[in-house]
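Undergrad: Can you read through this structure? Questions will come right after.
There are 2 protein chains.
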Amino acid sequence: METTLLNDDFSLENLLDNWQTLTHAQREEVFAMLGRIDQEELFINLSSDYQAEIFEQIPHGEKRSWIRLLAPDDIADLIQNLGEETQAEALRYLDYATLVEVKALLAYAEDEAGGLMNSRFARLRPEMTVEEAIRYLRAQSKSQIETIYYAYVLDRTQMLLGVISLRELFLAKAGSTVQENMNTDLVTVLQDEDQESISKTFSNHNFLAIPVVDENNVMKGIITVDDVVEVIEEEATEDIHKIGGMEALGEPYLDISLPSMIKKRAGWLMALFVGEMFTATAMSHYEHDIAKAVVLALFIPLVISSGGNSGSQATTLIIRAMALGEVRLKDWWRVFSRELVSGLSLGVILGLIGLLRILLWPGKETLYGEHYMLVALSVSFSLVGIVLWGTLAGSMLPFFLRRIGLDPATSSAPFVATLVDVTGLVIYFTVASLFLKGILL
Amino acid sequence: METTLLNDDFSLENLLDNWQTLTHAQREEVFAMLGRIDQEELFINLSSDYQAEIFEQIPHGEKRSWIRLLAPDDIADLIQNLGEETQAEALRYLDYATLVEVKALLAYAEDEAGGLMNSRFARLRPEMTVEEAIRYLRAQSKSQIETIYYAYVLDRTQMLLGVISLRELFLAKAGSTVQENMNTDLVTVLQDEDQESISKTFSNHNFLAIPVVDENNVMKGIITVDDVVEVIEEEATEDIHKIGGMEALGEPYLDISLPSMIKKRAGWLMALFVGEMFTATAMSHYEHDIAKAVVLALFIPLVISSGGNSGSQATTLIIRAMALGEVRLKDWWRVFSRELVSGLSLGVILGLIGLLRILLWPGKETLYGEHYMLVALSVSFSLVGIVLWGTLAGSMLPFFLRRIGLDPATSSAPFVATLVDVTGLVIYFTVASLFLKGILL
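Heads up: the protein sequence lines correspond to chains A and B, in order.
Last residue of the first sequence: 441 (UniProt numbering), numbering continuous.
Last residue of the second sequence: 441 (UniProt numbering), numbering continuous.
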């Protein structure tokens with residue numbers, strides 16, 4: 001079975017590429033078929049949730065040698081994905097020094113700098129000569145430090161003074177000191193900085209690693225760009241799920257159990273449904289109008305969905321621009337003025353198409369009655385208002401949410417659509433009564 | 001003006017973090033205030049679109065020294081962002097070797113491996129000893145190669161034989177050859193591979209650089225993970241914009257001109273509007289039903305929006321899972337069966353809430369008439385059908401789009417909502433006629 005899925009190709013590359021598309025049982029089966037060396041290679045390269053899956057099924061006697069394959073930051077990630085019982089067991093298998101490090105890392109939230117960082121980095125003293133520094137880094141190759149290509153210069157209190165790359169050491173004048181050659185214009189992140197802000201720092205600077213410090217500039221560890229790649233994808237996935245109108249799943253689609261997925265979708269769907277109930281309430285206010293002019297009902301879905309669509313565009317744009325740091329809270333006025341123009345233009349465009357749709361429709365007199373012109377004007381003018389309102393509401397809601405400390409991505413496309421549906425009905429029937437009062441209404 | 005925006009902090013970090021939030025005029029002003037060294041530092045670290053903005057405004061005589069600050073791959077990116085006239089001028093300022101490289105890079109599409117790669121990488125011969133290799137790499141520190149930390153072992157025909165890191169060279173036995181120590185289980189990308197697939201390769205493997213080869217395994221260049229960070233964010237932004245129901249902007253929100261932004265939004269908004277017009281057509285088929293039972297009209301927005309919301313959830317989930325490689329075309333049946341269960345469960349939940357909403361509403365007899373029970377059942381049963389249909393349509397559409405060679409993200413939330421609105425009306429009135437035929441209808 002698994003051979004067809006993997007096309008009989010058991011290379012590390014093919015396994016890693018397709019691991020997430022196998023079922024749990026298939027992964028177990030394939031893993032059992034591999035030799036020990038291939039198993040270890042695969043284990044080391046998998047993400048921590050799949051490492052945990054494998055670690056849980058390994059016989060107790062062998063668990064020690066498997067967990068010791070990993071660096072402290074990877075062990076901390078693995079442990080966070082284990083069941084309670086296996087967690088305690090895993091910690092027992094660590095040597096004392098690693099245990100202390102892993103426990104320190106576990107104290108940080110997973111989505112903070114401290115939770116992402118590796119505490120094993122190359123340290124240099126400022127007074128070392130470049131030759132000493134190169135020899136020292138070369139000797140460190142064997143150790144479990146994350147990279148020997150960037151070295152951090154610390155004083156006796158572990159304060160970060162500067163950074164120097166192995167390449168810069170190679171280029172430095174013989175006999176000069178680390179201090180004379182290091183870079184002191186440092187880009188750092190704080191240990192409690194959240195991962196969204198860290199990934200922004202990485203995408204603004206082309207660095208391979210960034211040091212993590214506390215408020216006193218004492219160095220705590222480094223974050224490398226390869227860890228950030230996963231973070232950026234995670235953050236984007238979270239935002240996309242929220243924009244789609246649900247809680248972020250937090251697990252791959254085919255891995256998450258059906259009940260938890262339904263739970264994560266049902267919550268928002270129910271909330272939206274309850275919100276949308278106000279449309280029924282709004283509609284019952286206009287029941288007599290509809291009874292008198294059924295023709296008005298025909299255009300309700302068209303009119304309100306246009307508000308929802310334009311609101312969905314606006315909110316999606318602003319949520320993403322905020323996530324990328326392109327738009328900040330204080331830019332709300334610039335955004336408002338841009339969206340005012342956009343909303344008006346888009347509204348006029350749709351209003352015109354709507355007008356033509358009714359006026360050019362064959363058999364308009366039979367379908368829409370003798371006052372089809374007034375109906376057309378009602379639809380057209382309310383479209384301008386509704387699209388403008390949808391655009392403004394959709395673009396301002398993320399600012400409001402961020403202002404009160406919530407995630408702007410909560411302002412999902414369906415959320416804005418629901419909001420605009422209710423108000424859209426009010427706009428539509430108000431405009432219609434202006435045109436049709438005393439004639440149809 | 002610009003000093004308040006930057007809080008009087010002109011450090012490189014603050015400039016880079018806030019550059020995109022400044023207006024064009026502010027950026028020009030700030031740049032002019034900086035000393036030459038800071039200007040260069042800023043220029044090198046900005047993304048190619050902002051480099052192009054600066055390059056355009058630099059006096060002709062100085063352009064040569066500015067463009068020569070950059071590596072060939074960055075020059076190629078910069079040139080792609082320049083106006084036609086400045087492009088030709090920029091190419092004239094390059095030395096012959098760089099010109100040849102830049103022209104080769106320009107021949108690749110920007111979103112292919114070839115367009116992302118740097119053609120200056122460290123090469124080793126298999127028969128070199130590790131000492132020779134280390135000396136050679138050390139000597140290369142001065143050159144413009146992208147990294148000396150990974151070296152690629154090529155034969156005389158430039159075929160890629162293996163890769164070895166500087167760290168591994170440090171650890172290798174003295175006197176042994178590169179060939180004896182290099183890794184031959186290689187992960188490579190093809191020169192015409194698209195950037196989405198490349199970013200997947202990087203997030204599946206924790207590599208800092210991946211070699212680019214042609215179909216004969218001849219080495220063409222390397223892609224480093226820091227370049228991929230930008231690509232991943234770009235890809236996610238594109239998908240998010242599409243999911244929000246518009247063309248991807250391709251530029252930061254505050255930078256894109258209003259007319260181009262309106263154009264990118266109007267296209268889809270008009271298409272959705274035209275699609276949504278079918279709701280008016282569908283509604284006119286039921287005009288007599290509505291005239292006889294106006295109460296049915298009250299629930300139209302509630303019922304159809306639920307289909308749209310559940311479809312939006314499903315399509316967003318599948319689009320993202322496809323982009324991450326979690327779900328492939330051949331998984332459609334697994335997805336279908338999961339969504340069948342999800343759609344039914346979600347439909348039943350909303351159907352029950354809808355039923356209770358009507359049956360427990362105070363004054364239901366006056367509002368909804370004596371047959372409120374039958375109305376409630378019509379709403380409830382059609383909700384089950386519509387939510388199920390929305391979920392299935394939303395989840396299958398991305399598969400269909402990918403199958404016919406289109407981007408699954410085109411199946412935006414508003415697109416699915418529009419599709420489901422029209423069919424939702426048909427479901428609603430069909431279910432209602434089953435319950436109410438001969439009574440209200």
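Ideal Cβ placement from N, Cα and C applies to all residues, glycine included.
Predicted, not measured: the structure shown is a model, and the values here were computed from it.
List the residues that DSSP assigns as beta-bridge partners of B/Asp194.
TA: B/Glu112
Undergrad: Three-state secondary structure (DSSP) at A/Pro126?
TA: coil
Undergrad: I'd like to know whether the C-beta of A/Gln20 is nearer than 8 Å to at least one C-beta of chain B.
TA: yes
Undergrad: Let me know if A/Gly267 comes out buried or exposed under the rule of 16 or more other beta-carbons within 10 Å of its beta-carbon.
TA: Classification for A/Gly267: exposed.
Undergrad: Under 8 Å, with one C-beta from each stretch per pair, do the region 306-317 of chain B and the region 232-250 of chain A reach the 3-pair mark?
TA: yes
Undergrad: Could you compute how far the alpha carbon of A/Asn14 sits from the alpha carbon of B/Glu180?
TA: Across the structure, A/Asn14 and B/Glu180 are spaced so that their CA atoms are roughly 25 Å apart.
Undergrad: Is there contact here, the region 381-389 of chain A with the region 341-350 of chain A, by at least three beta-carbon pairs under 8 Å?
TA: Yes, the region 381-389 of chain A is in contact with the region 341-350 of chain A.
Undergrad: Can you have a look at B/Leu406 and say buried or exposed, based on whether 16 or more other CB atoms are within 10 angstroms of its CB?
TA: exposed
Undergrad: Hey, how far is the Cα of A/Met128 from the Cα of A/Val213?
TA: 22 Å
Undergrad: Counting only Cβ pairs nearer than 9 Å, list the residues of chain A close to B/Asp185.
TA: Going along chain A in sequence order, the residues near B/Asp185 (Cβ under 9 Å) are Ser11, Leu12, Glu13 and Glu41.
Undergrad: What number of angstroms, rounded off, separates the C-alpha of A/Leu258 from the C-alpha of B/Ser342?
TA: 7 Å
Undergrad: By how many angstroms is the C-alpha of A/Lys63 removed from the C-alpha of B/Glu251?
TA: 50 Å
Undergrad: Determine, using beta carbons only, whether A/Asn309 comes closer than 8 Å to chain B.
TA: Output row for A/Asn309: interface = yes.
Undergrad: Distance check for A/Met219 and A/Asp155, CA to CA, integer angstroms please.
TA: Each residue's alpha carbon lies about 10 Å from the other.
Undergrad: What alpha helix (DSSP H) runs, 4 residues minimum, are completely inside the region 344-372 of chain A?
TA: 364-368
Undergrad: Compare the C-beta of B/Gln195 against all C-beta atoms of chain A and say whether one is closer than 8 Å.
TA: no
Undergrad: Just checking my contact of residue 443 of chain B with A/Pro414 at CB under 8 Å: how many whole Å lie between their CB atoms?
TA: Lying before the first or after the last residue shown, residue 443 of chain B is absent from chain B, which here runs from 1 to 441.
Undergrad: Please decide whether A/Leu436 counts as near chain B, where near means a Cβ-Cβ distance under 8 Å.
TA: no
Undergrad: Please list, in chain order, the residues of the region 205-226 of chain A that have any C-beta partner in chain B closer than 9 Å.
TA: His205, Asn206, Phe207, Leu208, Thr224, Val225 and Asp226
Undergrad: Determine the closest residue to B/Thr86 out of B/Pro59, B/Phe10 and B/Met277, with distance taken between C-alpha atoms.
TA: B/Pro59
Undergrad: Assuming A/Leu91 contacts A/Asn45 (C-beta within less than 8 Å), just tell me the rounded distance between them.
TA: Not quite, the Cβ-Cβ distance comes to about 23 Å (not below 8 Å), so this is no contact.
Undergrad: Is there a Cβ from chain B that is less than 8 Å from the Cβ of A/Met1?
TA: The predicted model places A/Met1 with a pLDDT of 46, which falls under 50 and marks its position as unreliable; any figure quoted below should be read in that light. No, A/Met1 lies away from the interface with chain B (no Cβ there is under 8 Å from its Cβ).
Undergrad: Name the two residues that bound the continuous beta strand (DSSP E) containing A/Lys242.
TA: Where A/Lys242 is concerned, there is no enclosing beta strand (DSSP E), although the alpha helix (DSSP H) it sits in stretches over Val225 to Ile243.
Undergrad: Where does B/Met246 land, buried or exposed, given buried means 16+ other C-beta within 10 angstroms?
TA: buried
Undergrad: Using a C-beta to C-beta distance shorter than 9 Å, which residues of chain A count as neighbours of B/Val30?
TA: Those within 9 Å of B/Val30 in chain A number zero; the least Cβ separation is about 16 Å.
Undergrad: Per DSSP, which one or two residues make a beta bridge with B/Leu154?
TA: Residue pairing by DSSP places B/Leu154 opposite B/Leu160 in a beta bridge.
Undergrad: Do the region 271-278 of chain B and the region 413-430 of chain B make contact, defined as three or more Cβ pairs closer than 8 Å?
TA: At 8 Å Cβ cutoff, the stretches touch.
Undergrad: Using a Cβ-Cβ cut-off of less than 8 Å, give me the residues of the region 293-317 of chain A that come near chain B, in sequence order.
TA: Val294, Val295, Ala297, Leu298, Phe299, Ile300, Pro301, Leu302, Ile304, Ser305, Ser306, Gly308, Asn309, Ser310, Ser312, Gln313, Thr315, Thr316 and Leu317
Undergrad: For A/Ser260, count neighbouring Cβ atoms within 10 angstroms of its own Cβ and tell me buried if that reaches 16, exposed if not.
TA: exposed
Undergrad: State the beta-bridge partners of B/Met219 as determined by DSSP.
TA: B/Val213
Undergrad: Give me the chain B residues within the contact set of A/Asp407, using Cβ-Cβ distance strictly less than 9 Å, ordered along the chain.
TA: The premise fails here: A/Asp407 is roughly 14 Å from chain B at the closest Cβ pair, so nothing lies under 9 Å.
Undergrad: Using a C-beta cutoff of 8 Å, does A/Gly35 count as contacting chain B?
TA: Closer than 8 Å: no.
Undergrad: Answer yes or no: does any C-beta atom of chain B fall closer than 8 Å to that of A/Leu425?
TA: By this cut-off, A/Leu425 is an interface position.
Undergrad: Answer yes or no: do A/Trp199 and A/Glu235 have a C-beta to C-beta separation smaller than 8 Å?
TA: The displayed chain sequence assigns Ser, not Trp, to residue 199 of chain A. Yes. Within cutoff.
Undergrad: Going along the chain, which residues of its own chain have a beta-carbon closer than 6 Å to the beta-carbon of A/Asn81, five neighbours each way excluded?
TA: Ser48, Asp49 and Ala52
Undergrad: When we look at the beta-carbon of A/Glu215 and count the other beta-carbons within 10 Å, is it buried (16 or more) or exposed?
TA: exposed
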